[in-house]
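In terms of our numbering, the sequence shown opens at residue 4 and continues consecutively.
Working notes, beginning with the structure itself.
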Amino acid sequence: MNIKKIAVLGSGTMGSGIAQVAAQSGYEVLLIDVDQKFIDRALAGISKGFQKAVDKGKMTAEDKEQVFGRIKGSISYEDCKDVDLVIEAILENMDLKKQVYKQLDEKCPDHAILASNTSSLSITEMAAATKRSDKVVGMHFFNPAQVMKLVEVIPGLDTSEETIAAITEVAKKMNKVPVNAKESPGFIVNRILVPMINEAVIALGEGIGTIEEIDTAMKLGAGMPMGPLALADMVGIDIVLAVAEVFYKEFADSKYRPALLLKQMVRAGHLGVKTGRGFYSYQ
Ligand code: CAA
């Protein structure tokens, strides 16, 4: 399958990162969100990212114009009529996702693949909202999408081999390393990473170490590029909690119980870098 035009749905941290990577890899990109102000903010961020690359001598100013010119914004699914692939990176809410997949199924051409960047939700359930469950697949990028090399490729129950092959090819063209994962909550990385971050929050709550001590220990003792609490701030504490809650519900096992402090942080609105406060302050 020859994929040329990609719609990225959701212009938040992950959506704009994915749009940037897709444009850099030669794809025409349509960045869709519900409000023009979100699109404008994302495009400004992407442009800034490209400018940094120009300033570092990693990209010419002409290349920047050309690559940035491949990204168009839209607030309408009607514009999906000529896309070959949709990468959905909207809120982690299954009811919302099902509504969105139903609409995408109606607006996208028959051959288009619908891929979800979900962190932990069921691809099979999203696919069931469409009449093309063979063309619905998980394509999970990692934050920051511009830098992290992995893409998990996750089939739902009815996903075809052709769809998996096409997504694997797109991931490689984006200079990522695709790894296949079975459909199971959190797939591979989050299944292992999120309980570890949750444990770090429990350790903090028990006073085993301070925020800085826990992060320093995990960086220097376990070779992590950033400590688990700084990582939670970067990913979003609400996202970490949402994944932890999916595990607790789906596995029905107390070992996945989300830390109380994680819930308190979300209730207080301290969601990490994006709100200016998480375990650390970003003011
Ligand atoms: N967006 C775009 N580019 C970024 C970036 C961002 N947010 N953060 C860093 N970069 C780029 C920098 O511009 C720099 O690029 P160049 O090499 O071209 O100059 C490069 O990344 C290295 O950055 P720095 O030197 O500033 O910092 P660093 O070497 O410490 O790397 C990091 C920063 C890549 C974030 C690194 O700390 C890291 O790998 N952290 C762990 C990230 C991680 O585990 N992500 C997965 C989270 S889990 C997830 O995403 C799944 C989910 O579903 C919740």
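Even glycine gets a Cβ: it sits at the ideal position worked out from N, Cα and C.
Cβ-Cβ separation between Glu-253 and Pro-188: approximately 5 Å, consistent with a contact (criterion under 8 Å).
Taken from the Cβ of Phe-145, at least one heavy atom of the ligand CAA lies inside 7 Å.
At a cut-off of 7 Å, the beta-carbon of Asn-201 does not count as near the ligand CAA: no heavy atom of the ligand is closer than that. Looking only at Arg-260, Glu-248, Tyr-80 and Phe-53, the smallest Cα-Cα distance to Glu-202 is reached by Arg-260.
In terms of CA proximity to Gly-159, Ser-136 leads the group Ser-136, His-143, Glu-68 and Phe-144. By the Cβ-count criterion, Met-199 is exposed, with fewer than 16 other Cβ atoms from all chains shown falling within 10 Å of its own Cβ. In the three-state reduction of the DSSP assignment, Gly-76 falls in the strand class, which pools E and B. As far as DSSP is concerned, Ser-28 takes part in no beta bridge.
In the DSSP assignment, Leu-153 falls within the beta strand (DSSP E) that extends over 153-158.
Bridge partners of Leu-88 according to DSSP: Ile-9 and Ile-116. Residue environment analysis places Tyr-285 among the exposed positions, since fewer than 16 neighbouring C-beta atoms fall within 10 angstroms of its C-beta. Of the residues Ala-262, Asp-241 and Glu-216, the one whose Cα lies closest to the Cα of Lys-277 is Asp-241. Here DSSP, grouped into helix, strand and coil, assigns Asn-178 to coil. Taken through DSSP and simplified to helix, strand or coil, Val-70 comes out as helix. Leu-234 is the residue among Ile-49, Ile-205, Leu-117 and Leu-234 whose C-alpha sits nearest the C-alpha of Thr-219.
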